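Using my numbering, read the sequence shown as starting at 2 and increasing by one per residue.
Just so it is clear, CB atoms sit at the ideal spot from N, CA and C, and this is done for glycine as well.
Values in this document were obtained by computation on a predicted structure and should not be read as measured data.
Report on one structure; see the data block that follows.
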Amino acid sequence: MHRSAPRLSRILACAAVPVMLVAVGCSSDSGSDGKKNAGSSASGTASAKPTEPTVEPAKFSDLPGDPCAAIGKKTIKDLVPDAKKKSGTAGKSSDLSLRGSCSWNGLDDKGLKGSQYRWLDVGFTRFESDQALGSGAERATADYTKQIAKAKAAEGAEKVAAEAAAGIGEEATVVTYGLTKTDEDFEYATVVARTGNVVVTLTYNGAGYAGGKTPESAEIVEGAQQAAKEAIAAVEKTAEAVPPAEGDDKDAGKGAGGDKEDGAESGQKDAAGSGAEDSPKEKAKATPKS
2 MHRSAPRLSR
12 ILACAAVPVM
22 LVAVGCSSDS
32 GSDGKKNAGS
42 SASGTASAKP
52 TEPTVEPAKF
62 SDLPGDPCAA
72 IGKKTIKDLV
82 PDAKKKSGTA
92 GKSSDLSLRG
102 SCSWNGLDDK
112 GLKGSQYRWL
122 DVGFTRFESD
132 QALGSGAERA
142 TADYTKQIAK
152 AKAAEGAEKV
162 AAEAAAGIGE
172 EATVVTYGLT
182 KTDEDFEYAT
192 VVARTGNVVV
202 TLTYNGAGYA
212 GGKTPESAEI
222 VEGAQQAAKE
232 AIAAVEKTAE
242 AVPPAEGDDK
252 DAGKGAGGDK
262 EDGAESGQKD
272 AAGSGAEDSP
282 KEKAKATPKS
């Protein structure tokens, strides 16, 4: 009896060994499979994440600080003789880096030969690259098309014509038309030009008063194109043509703002000449021509 007890203990101990080994083996396999499954799941999640497309950085990050200085003094003297304010009248803008405008008007009284009235205005609008809205150049191109259509649809315009204008920015169009107001015949030329992410809209018009001859359309077009070239050159000279540093989302945020998103339209409203400014009768001492 005393000898059989230790023998029974040894038999039970040996019988337990295979059971433990099986348990360890199962635990080891389960852990290995768990790691593999976890790795596969993580890999699948990473590969499934979509990559956000990046927009092209805007070419220009600023506009001429003084829009009235964008056109040379000599050009203003030639196009707007006896300008009421030779330095120009700047339009209102909440941010001159996004939009700016300036206008000039004057009545050149030639006595018995009549008077010549001229009006010139220029507007600048810059578009920033925005992840949701597109690149600055794309947005500027869309506004370029919009401003051409707007010029063609001028109220009361007659004999409207449009053609490409060479040598002004990356693309430019000149829209011409006649307009009768204050009992006088006006000749108009609007040049819409784009360079990079900036749109320049320039309008030049004139009329003869008190027996003065109505200016030729070709004269008005030539003056408008010359002034538009200077305006575009001012953008390219003054604005920094350096893309923002990587990770700089300064340009990406502003475009989505309220008034900045509508910068094109606001800029054009600032630049557009009002009917009162286009009507020199209140300023002129000469009597209207018969």
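Check                                                                                                                                                           : Outcome
Is Gly89 buried or exposed, if buried means 16 or more other CB atoms sit within 10 Å of its CB?                                                                : buried
Could you check if Leu80 is buried or exposed, using at least 16 other CB atoms within 10 Å of its CB as the buried criterion?                                  : buried
Val236 and Val201 look like a contact to me (Cβ under 8 Å); what is the Cβ gap, rounded to whole Å?                                                             : 7 Å
Just the Cα atoms here: how many angstroms apart are Ser218 and Ala225?                                                                                         : 11 Å
Indicate whether the contact test is met: 3 or more Cβ pairs, each with one atom in the stretch 179-191 and one in the stretch 206-220, closer than 8 Å.        : yes
Applying the criterion that 16 or more other CB atoms from any shown protein chain within 10 Å of the CB defines a buried residue, is Gly157 buried or exposed? : exposed
Tell me the DSSP secondary structure of Ala163 in three-state form.                                                                                             : strand
Taking the C-alpha atoms as reference points, what is the distance between Gln117 and Asp96?                                                                    : 35 Å
Looking at Lys153: is its Cβ nearer than 8 Å to the Cβ of Val175?                                                                                               : no
Report the three-state DSSP secondary structure of Glu223 (helix, strand or coil).                                                                              : helix
I'd like the list of long-range same chain contacts for Ser231, defined as Cβ closer than 7 Å, with 5 residues on each side in sequence excluded.               : In the sequence on display, residue 231 carries Glu and not Ser. Closer than 7 Å at Cβ, skipping near neighbours: Ala71, Ile72, Gly73 and Thr76.
Any chance you could list the beta strand (DSSP E) runs of at least 3 consecutive residues sitting entirely within the stretch 132-208, in chain order?         : 159-165, 172-182 and 185-196
Since I believe Ala84 is in contact with Gly107 (beta carbons under 8 Å), could you give me their beta-carbon distance rounded to a whole number of angstroms?  : 4 Å
Can you give me the Cβ contacts of Ser136 inside the same chain, cut-off strictly under 6 Å, excluding the 5 residues immediately before and after it?          : Val56, Glu57 and Ser130
Quick check: what's the CA-CA separation for Ala91 versus Asp122?                                                                                               : 10 Å
For Thr126, list the residues DSSP reports as bridge partners.                                                                                                  : Arg100 and Val200
In this structure, what does DSSP give as the bridge partners for Thr90?                                                                                        : Ser104
According to the neighbour-count rule (16 or more other Cβ atoms, all chains shown, within 10 Å of its Cβ), is Gly168 buried or exposed?                        : exposed
How big is the Cα-Cα spacing for Ala150 and Ser104?                                                                                                             : 22 Å
Please return the same chain residues whose Cβ sits closer than 6 Å to the Cβ of Thr239, not counting the five positions on each side in sequence.              : Pro65
With 16 as the cutoff for other CB atoms within 10 Å, does Lys60 come out buried or exposed?                                                                    : buried
Taking the C-alpha atoms as reference points, what is the distance between Asp109 and Gln227?                                                                   : 21 Å
Please report the straight-line C-alpha distance between Phe187 and Glu223, rounded to a whole angstrom.                                                        : 16 Å
Quick one: using the 10 Å Cβ neighbour count with 16 as the cut-off for buried, is Ala165 buried or exposed?                                                    : exposed
Closest by CA to Ala155, which one among Lys93, Ser94 and Thr204?                                                                                               : Thr204
Got a sec? Which residues, its chain only, sit under 7 Å from Ile233 by beta carbon, not counting five neighbours each side?                                    : Ile169, Gly170, Ala194, Thr196 and Val201
Relative to the C-alpha of Arg100, which candidate in Asp63, Lys78 and Lys160 has its C-alpha closest?                                                          : Asp63
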